[in-house]
């Protein structure tokens, strides 16, 4: 705030807040709420990023070398799990903790970048539709859930 900045962007960790399917770590969320208060105490408004490159392991499939082979934004159930996560975050925040600025994902094109970097240009254009379609659905559902 001393530098004239009025906003501080930080991320919640989807993988840590939802370590197992159907579970939400309220103790960790309480720590995030303390961070919100600290940001505001220093004269800045928090901008919350709901997804910043972490994904719970139960939404991923890996090979024997732990390389992701399937899942993430390509998982057809990801929007259901992301909604569970967002609903729990929203329920946890009291009126004084309401967030006015939310990003669903750090980079909207991240699934596209993942495909490009992991599979190369030849496969990129054939494979991009699935994760982008899922991410668009997630963004829509986040908008519906998190109306402040």
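Residue numbers (our numbering): -17 to 130. C-beta atoms are modelled at their ideal positions from N, C-alpha and C, and glycine is treated no differently.
Query                                                                                                              : Result
Alpha carbon of residue 140 to alpha carbon of residue 0, nearest angstrom                                         : The question about residue 140 has no answer, for the chain in this structure spans -17 to 130.
Residue -4 classed as buried or exposed, judged by whether at least 16 other C-beta atoms fall within 10 angstroms : buried
Nearest-angstrom Cα separation, counted from residue 49 out to residue 19                                          : 38 Å
Distance between residue 4 and residue 66 (C-alpha atoms, nearest Å)                                               : 8 Å
Reduced DSSP secondary structure (H/G/I, E/B, other) of residue -6                                                 : coil
Residue 11 - DSSP class collapsed to helix/strand/coil                                                             : helix
Contiguous alpha helix (DSSP H) assignments of at least 4 residues, all confined to the region -3 to 57            : 8 to 23
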